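Novice: Take the sequence shown: its letters are residues 51 to 361, numbered as in the numbering used here. In this text, a Cβ means the ideal position worked out from N, Cα and C, and glycines have one as well. Nothing here was measured: the structure is a model prediction, and the numbers come from that model. My structure is below; once you've seen it, I'll send some questions.
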Amino acid sequence: LEERLHVAFRDKLQLLTIPARDPATLLPSTRVLLKRREVTEVERELQNQRQEFQQRMQRLAQRRQQLSRRQEQHRDAVHGFESFLKAVAARREWALRRAGEERTRAVAERAEAARLQRELEQLLRHRERLARRLQSLRPFGDYLRDVLARMGQFQDVPAMLVHFGVLAGVRAALAREAEAGQELLVQGRAQLQRYREDTSAQLLGTRDELAQLHARLEAARQDVLQWESCWTHIHSKSIQKTLLLGQIKLAVQNLFQQTTAQLRIPTDRAHEDTKAQLDMVLLCMRVLADICAAGTHPHHHRGASLLQGQE
C-alpha cells in the first residue's frame with residue numbers, strides 16, 4: 051500500500067508543469083516570486099496529497115478495523131459452525147447408536163418372540179397330549195371311584211392312591227432288599243468258588259513244592275552218602291599215608307642209627323628231624339661208595355674223618 055501511495059505522489063508531482071521562461075529576461079524579484087509561487091504550489095500540492103494520504107490512511111484503518119471485525123465475526127461464525135457440526139456429528143452418532151441398539155433390541159425381541167412362540171406351541175402340544183392322556187385315563191378314574199365306593203375304607207381317591215402308593219413303595223423296597231440279598235448270595239457264592247479255586251491252586255502248589263522238596267531231600271541224601279564214602283576213602287588214604295610216613299620215619303631213623311653207629315659218627319640231630327637224618331644217611335652212603343670204590347682201609351678212616359669234618 052505504501053509503495054502504491056509513493057508511486058501516485060510521484061506521478062502527481064510530475065504532472066505539475068511550470069511555464070518555461072528565459073531566466074535572463076526576468077528580474078530577480080520576479081524570479082524570487084516565481085520561485086515562491088512554485089514553492090507555494092508545491093507545498094499546497096504536498097498538503098493536498100498529505101491530506102489525501104491521511105484520508106486514505108484513515109479509510110484504510112477503518113477498512114482494516116472492518117476487516118478485523120469481519121474476521122472476528124467470521125472466526126465466531128466458524129467456531130459456531132464447528133460446534134454445530136460437532137453437535138450434529140454427536141447427534142448423528144447418538145442416533146446411529148440408538149438405531150443400532152433399537153435394531154439389536156428388535157432382533158432380540160423377535161428372537162424372544164420366536165422362542166416364546168415355540169414354547170407356546172410346545173405347551174399347546176403338551177396340553178393336547180395331556181388332554182388325550184386324561185381322556186384315555188378317564189376309565190381308570192371311573193374304576194377307582196367304583197373301587198372306593200365298594201371298599202368304603204377311604205374318604206377319597208387320592209387317599210386310596212396314597213395308601214396303595216405306600217404299599218407299592220413297601221413292595222418295591224422288599225423287592226429291592228430281596229434283590230440285594232440275592233446279589234449278596236451270588237457274590238458270596240462267587241467268593242466261595244474263588245476261595246475254593248484259590249485253595250485248590252495253593253494245595254496243588256504246596257503238593258508240587260512238597261514233591262520238589264522230597265526230590266531235593268533224596269538228592270541231598272545221595273550227595274551225603276557219596277561225600278561220606280569219599281570222605282571215608284580220603285580218611286583211609288590219609289591213614290595209609292600217615293602209616294607209610296611213620297614207617298618211613300622209623301626206617302630212616304633206624305638206618306641213621308645203624309649208619310652212625312657203624313661209622314662211629316657222633317650225632318646231634320633231633321630224632322624228629324627226619325629230613326636231616328635222611329641227608330646224613332645219603333651222605334654216608336656216598337662216602338661208603340667212594341670208599342668201596344677205592345678199596346683200602348686207610349681211605350676208610352680218611353673218609354670217616356672227612357665225614358666228621360663235613361658234619
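#1: Excluding the 5 residues preceding and the 5 following R195 in the sequence, name in chain order all residues of the same chain whose CB lies nearer than 7 Å to its CB.
#2: Cβ atoms of V337 and F306: under 7 Å apart, would you say?
#3: Cβ-heavy atom distance between P189 and the ligand GDP below 6 Å?
#4: Let me know the secondary structure DSSP gives R314 once reduced to three states.
#5: Under a three-way DSSP split, which group does D206 fall into?
#6: When the Cα of Q327 is compared with those of Q185, K299, I341, which residue comes out closest?
#7: Just the C-alpha distance for A265 and W281, rounded to the nearest angstrom, thanks.
#8: Note down, one range per segment and in chain order, each alpha helix (DSSP H) of at least 4 residues found wholly within the region 205-249.
#9: So, helix, strand or coil for L77, using DSSP?
#10: Anyone know if the C-beta pair for T309 and C342 falls short of 7 Å?
#11: Whole angstroms are fine: how far does the CA of Q297 sit from the CA of R352?
#12: Taking only the alpha-carbon atoms, compute the straight-line gap between E278 and V302 and give it to the nearest angstrom.
#13: Is D273 helix, strand or coil when you go by DSSP?
#14: So is E361 buried or exposed if we call it buried at 16+ other beta carbons inside 10 Å?
#15: Just reading off the alpha helix (DSSP H) that D340 is part of, what are its end residues?
Specialist: According to the data block:
#1: By 1-based counting over the sequence shown, the position of residue 195 is 145. Closer than 7 Å at Cβ, skipping near neighbours: V207.
#2: As a position in the sequence shown, residue 306 is number 256, starting the count at 1. As a position in the sequence shown, residue 337 is number 287, starting the count at 1. The answer is no: Cβ separation not under 7 Å.
#3: This structure lacks the ligand GDP, and indeed carries no ligand of any kind.
#4: Position 264 of the sequence shown, counted from the first residue, corresponds to residue 314. Of the three classes helix, strand and coil, the one that applies to R314 here is coil, per DSSP.
#5: Here residue 206 refers to the residue found at position 156 when the sequence shown is read from its first residue. Per DSSP, reduced to three states, the secondary structure at D206 is coil, with no helix or strand assignment.
#6: On the sequence shown, residue 327 is found 277 positions in, with the first residue counted as 1. When each option's Cα is compared against that of Q327, the closest is K299.
#7: If you number the sequence shown from 1, residue 265 lands on position 215. If you number the sequence shown from 1, residue 281 lands on position 231. The alpha-carbon of A265 is positioned some 24 Å away from that of W281.
#8: Correct list: empty.
#9: Residue numbering aside, residue 77 sits at position 27 when the sequence shown is read from its first letter. L77 falls in the coil class under three-state DSSP.
#10: Along the sequence shown, one-based indexing puts residue 309 at 259. Along the sequence shown, one-based indexing puts residue 342 at 292. Taking 7 Å as the Cβ cut-off, T309 and C342 do not qualify as a contacting pair.
#11: Counting from one through the sequence shown, the residue named residue 352 turns up at place 302. Counting from one through the sequence shown, the residue named residue 297 turns up at place 247. Low confidence applies here, because R352 scores a pLDDT of 48, under 50, leaving its location unreliable and the question unanswered by this model.
#12: Counting from 1 along the sequence shown, the entry for residue 278 is found at position 228. Counting from 1 along the sequence shown, the entry for residue 302 is found at position 252. In this structure, the straight-line span from the alpha carbon of E278 to that of V302 is close to 35 Å.
#13: Locating residue 273 in the sequence shown gives position 223, counting from the first residue. Secondary structure of D273 (DSSP, three-state): helix.
#14: On the sequence shown, residue 361 is found 311 positions in, with the first residue counted as 1. Here the model assigns E361 a pLDDT of 47, short of 50, so the residue's position is not dependable and the matter cannot be decided.
#15: In the sequence shown, counting from the first residue as 1, residue 340 sits at position 290. D340 -> alpha helix (DSSP H) spans 324-344.
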